[in-house]
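Visitor:
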Amino acid sequence: MIKKRASNIEVKKINRNKIFRYVNKYGRVSKPDISTQLGISMPTVLQNINELIKQGLVHEVGEFESTGGRKATAIAPVRESYYALGIDITQNHIGLVITDLSGDVLKHKRIYKPFSNDREYYKEMAEIALEFKNNEIDEDKKFLGVGISIPGIVDTRNKKIQFSHALNFSNIESERFSEFIPYPCILINDANAAGFAEMYHYDKCFNAVYLSLSNSVGGAIIVERQSYLSDSTIADKLYLGDNLRGGEFGHVTLIPNGNKCYCGKRGCFDVYCSAKTLSQYTDGKLEKFFREIELGNKNLLKIWENYISCLAIGINNLRMIFDCTIILGGYVGSYIEPYISRVKEEVAILNTFEMDASYIKPCRYKVEASALGAALQHIEAFLCTV
Ligand SMILES: [Zn+2]
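Just so we're aligned: the sequence shown equals residues 0 to 385 in numbering that gives the first Met the number 0.
1) Between the alpha carbons of Ile74 and Phe63, how many angstroms are there, rounded?
2) What would DSSP say about Asp32, mapped onto helix, strand or coil?
3) At a cut-off of 7 Å, would you count Lys264 as near ligand 1, judging by its Cβ distance to the nearest heavy atom?
4) Could you tell me the alpha carbon to alpha carbon distance between Asp189 and Lys159, rounded to whole angstroms?
5) I'd like to check one pair, Lys17 with Leu45: are the Cβ atoms closer than 8 Å?
6) Using 8 Å for Cβ pairs, my map puts Ile185 next to Gly144. What's the rounded Cβ distance?
7) Consult DSSP for Asp87 and reduce its assignment to one of helix, strand or coil.
8) Tell me, to the nearest whole angstrom, how far the beta carbon of Ala373 is from that of Ile220; I am working on the premise that it is less than 8 Å.
9) At which residues does the alpha helix (DSSP H) containing Leu310 begin and terminate?
10) Say yes only if the C-beta of Gly332 is nearer than 7 Å to one or more non-hydrogen atoms of ligand 1, and no if none qualify.
11) For a test of the three-state rule: what should DSSP assign to Cys272, helix, strand or coil?
12) Are the beta-carbon atoms of Leu371 and Gly194 separated by less than 8 Å?
13) May I have the straight-line CA-CA distance separating Asn7 from Asn14, to the nearest angstrom?
14) Pick helix, strand or coil for Met0, following the three-state DSSP scheme.
15) For Asn188, which beta-bridge partners are listed by DSSP?
16) Please name the residue or residues paired with Ala75 in a DSSP beta bridge.
17) Which of the three DSSP states, helix, strand or coil, is assigned to Phe205?
18) Which stretch, first to last residue, makes up the beta strand (DSSP E) that contains Ser455?
19) Give me, in chain order, the residues of the same chain whose beta-carbon lies closer than 8 Å to that of Ile388; leave out the 5 immediate sequence neighbours on both sides.
20) Taking only heavy atoms of ligand 1 into account, decide whether any of them is closer than 7 Å to the Cβ of His58.
21) Compare the beta carbon distance of Phe176 and Ile147 with 8 Å and say whether it is the shorter of the two.
22) By a C-beta neighbour count over all protein chains shown, 10 Å radius and 16 as the cutoff for buried, is Lys89 buried or exposed?
23) Select from Lys30, Ala192 and Thr324 the residue whose C-alpha is nearest the C-alpha of Thr72.
24) For Phe179 and Ala125, which I take to be in contact (beta-carbon distance under 8 Å), what is that distance rounded to the nearest angstrom?
25) State buried or exposed for Ile233, treating a residue as buried only when at least 16 other CB atoms are found within 10 Å of its CB.
26) Any chance the region 288 to 305 sits against the region 240 to 248, with 3 or more Cβ pairs inside 8 Å?
27) Give the secondary structure of Cys383 by DSSP, where H, G and I count as helix, E and B as strand, and everything else as coil.
28) Could you give the first and the last residue of the continuous alpha helix (DSSP H) run that contains Asn170?
29) Going by DSSP, name the residue or residues bridged to Lys284.
30) DSSP three-state call for Thr351: helix, strand or coil?
31) Could you check whether the Cβ of Cys267 sits closer than 7 Å to any heavy atom belonging to ligand 1?
32) Could you check which residue in Ser357, Leu294 and Asp202 has the C-alpha nearest to that of Ile326?
33) Determine the closest residue to Thr384 out of Leu56, Gly61 and Gly26, with distance taken between C-alpha atoms.
34) Go through its chain and collect everything with a Cβ distance to Ser80's Cβ below 8 Å, but skip five positions before and after it.
35) Look up His42 in the DSSP assignment and say whether it is helix, strand or coil.
Next comes the structure, spelled out in structure tokens:
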């Protein structure tokens, strides 16, 4: 009997969670619509909506146009009821993002601030972040916390950052990053955070590889994600591997005995497809590189074509291993949309099984995907509690 009761409570909780996530996603919906789309009975929907109204998470926002019978009440989420802040730490900058239950970038900012592993830096980083937060959010009770994205291997179990090539350190305590921040902090690897952000709004994509083409090449592997439209709540599961190095695609060998990589080995994916491979020809400015190829700069077009050939090998390898959607992100990913059909063409030539390369997608977030993904750790944790 006790077991049965527990399972009823569980079902009730799952239903409420599904209903809130549905309203939160679609913005303005009717109760019959919720009932039909989620396959939950009308009395259960009514009871849950009333509870969610009491909690201040949804509200009534007028009526829908009548389609013959009684007009249906429109229900909408109160998305601004909870906020989170995301910080992206890079070698030379601090990226900042505010998001709410919508999961969208509400405000963002990027500040030049070279990283330095000392208390002064961590203190200033916290001051910059908190000033940004305080300018945008006035009520602390609505603030869920801070997500911090780091270009390194984040070991949450042992509460340390094992290694960061970009920031030039190994084995430092996670606490250093959060010491001056008086709110709950979650640390996450930058590529994992960006991958998480990209997947956040996908309803029907259950496995994906996020390929981060920034100043180094990395990525995230998201597997067996569940949708709230099926039998469970949504969960973006990141595959981290046995040593937290899952998704370190940058050091896959692309060209045997090829050019030297910063890691000390030769022919790594990183050597041929990092953003630096392109920006080194335009004073370190990637934007300028893409502007030049738009203008038809022949030398740079040749370099771009060579880049695409190498990228295609890498993408095809990932597709063969993971057989899932591949999202192209990072600095190069944010410029790649106009060239995506060219990339697909090259990959299709290499693929053994399929000519259709529609599984390759340009990233949705062109700026601050990592900071957003870090902030979303708090939003997702909150959504799980509704
Ligand atoms: Zn390497």
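Heads up, the beta-carbon is just placed ideally off N, CA and C, and yes, glycines get one too. This structure is a prediction, so every number in the text was calculated from the model and none was measured.
Guide: Answer, in terms of the structure:
1) Walking along the sequence shown from the start, residue 74 turns up at place 75. Walking along the sequence shown from the start, residue 63 turns up at place 64. Taking the straight line from one Cα to the other gives about 10 Å.
2) Along the sequence shown, one-based indexing puts residue 32 at 33. Helix at Asp32.
3) Taking the sequence shown and counting its residues from 1, the one referred to as residue 264 is at position 265. Indeed, a heavy atom of ligand 1 lies less than 7 Å from the Cβ.
4) In the sequence shown, counting from the first residue as 1, residue 189 sits at position 190. In the sequence shown, counting from the first residue as 1, residue 159 sits at position 160. Whole-angstrom Cα-Cα distance: 15 Å.
5) As a working mapping, residue 45 is identified with position 46 in the sequence shown. As a working mapping, residue 17 is identified with position 18 in the sequence shown. In this structure, the beta-carbon distance from Leu45 to Lys17 does not fall below 8 Å.
6) Here residue 185 corresponds to residue number 186 of the sequence shown, with the count starting at 1. Here residue 144 corresponds to residue number 145 of the sequence shown, with the count starting at 1. Rounded, the Cβ-Cβ distance is 7 Å, consistent with contact.
7) As a position in the sequence shown, residue 87 is number 88, starting the count at 1. In the structure shown, Asp87 sits in a strand (DSSP, three-state: E or B).
8) Locating residue 373 in the sequence shown gives position 374, counting from the first residue. Locating residue 220 in the sequence shown gives position 221, counting from the first residue. Actually they are not in contact, since the Cβ atoms of Ala373 and Ile220 sit about 18 Å apart, beyond 8 Å.
9) Counted from its first residue, the sequence shown places residue 310 at position 311. Residues Lys297 to Phe321.
10) On the sequence shown, residue 332 is found 333 positions in, with the first residue counted as 1. No, the beta carbon of Gly332 sits no closer than 7 Å to any heavy atom of ligand 1.
11) Locating residue 272 in the sequence shown gives position 273, where the first residue counts as 1. It is helical.
12) Locating residue 371 in the sequence shown gives position 372, where the first residue counts as 1. Locating residue 194 in the sequence shown gives position 195, where the first residue counts as 1. The answer is no: Cβ separation not under 8 Å.
13) In the sequence shown, counting from the first residue as 1, residue 7 sits at position 8. In the sequence shown, counting from the first residue as 1, residue 14 sits at position 15. One C-alpha to the other measures close to 11 Å.
14) Taking the first residue of the sequence shown as position 1, residue 0 is located at position 1. Here the model assigns Met0 a pLDDT of 44, short of 50, so the residue's position is not dependable and the matter cannot be decided.
15) Against the sequence shown, residue 188 aligns to sequence position 189. Paired residues: Ile149.
16) By 1-based counting over the sequence shown, the position of residue 75 is 76. Paired residue(s): His58.
17) One-based indexing of the sequence shown puts residue 205 at position 206. Residue state, collapsed to three classes: coil.
18) The structure shown has nothing for residue 455, since the chain only spans 0 to 385.
19) Residue 388 is absent from the structure shown; the chain starts at 0 and stops at 385.
20) Here the question's residue 58 lines up with position 59 in the sequence shown. No, ligand 1 has no heavy atom inside 7 Å of this Cβ.
21) By 1-based counting over the sequence shown, the position of residue 176 is 177. By 1-based counting over the sequence shown, the position of residue 147 is 148. Closer than 8 Å, so yes.
22) Working through the sequence shown from its first residue, we reach residue 89 at position 90. Residue identity check: residue 89 is Thr in the sequence provided, not Lys. When all chains shown are included, Thr89 counts as buried.
23) Position 73 of the sequence shown, counting from 1, holds the residue named residue 72. The candidate whose alpha carbon is nearest that of Thr72 is Lys30.
24) Within the sequence shown, the letter at position 180 stands for residue 179. Within the sequence shown, the letter at position 126 stands for residue 125. The pair is a contact, with the Cβ atoms about 4 Å apart (cut-off 8 Å).
25) Looking up residue 233 in the sequence shown gives position 234. Because the pLDDT at Ile233 is just 46, under 50, the model does not fix this residue reliably, and the value given afterwards should be weighed accordingly. Looking at its Cβ environment, which holds 16 or more other Cβ atoms inside 10 Å, Ile233 is buried.
26) no
27) For the purposes of this step, residue 383 is taken as residue 384 along the sequence shown, with counting starting at 1. DSSP places Cys383 in helix when its eight states are reduced to three.
28) For this step, residue 170 is matched to residue 171 along the sequence shown. From DSSP, Asn170 is part of no alpha helix (DSSP H) but of the beta strand (DSSP E) over Phe168 to Glu172.
29) As a first step, residue 284 is located in the sequence shown; it is residue number 285 there, counting from the start. DSSP, once it has assigned bridges, lists no residue as partnering Lys284.
30) For the purposes of this step, residue 351 is identified with residue 352 of the sequence shown, where counting begins at 1. Under the three-state reduction of DSSP output, Thr351 falls in the coil class, being neither helix nor strand.
31) In the sequence shown, residue 267 corresponds to position 268, counting from 1. The answer is yes for Cys267.
32) Sequence index remark: in the sequence shown, residue 326 carries index 327 (1-based). Nearest option by C-alpha distance: Ser357.
33) Position 385 of the sequence shown, counted from the first residue, corresponds to residue 384. The candidate whose alpha carbon is nearest that of Thr384 is Leu56.
34) Taking the first residue of the sequence shown as 1, we reach residue 80 at position 81. Correct list, in chain order: Gly55, Leu56, Asp99, Leu100 and Lys141.
35) For the purposes of this step, residue 42 is taken as residue 43 along the sequence shown, with counting starting at 1. First, the amino acid is wrong: residue 42 is Pro here, not His. Of the three classes helix, strand and coil, the one that applies to Pro42 here is helix, per DSSP.
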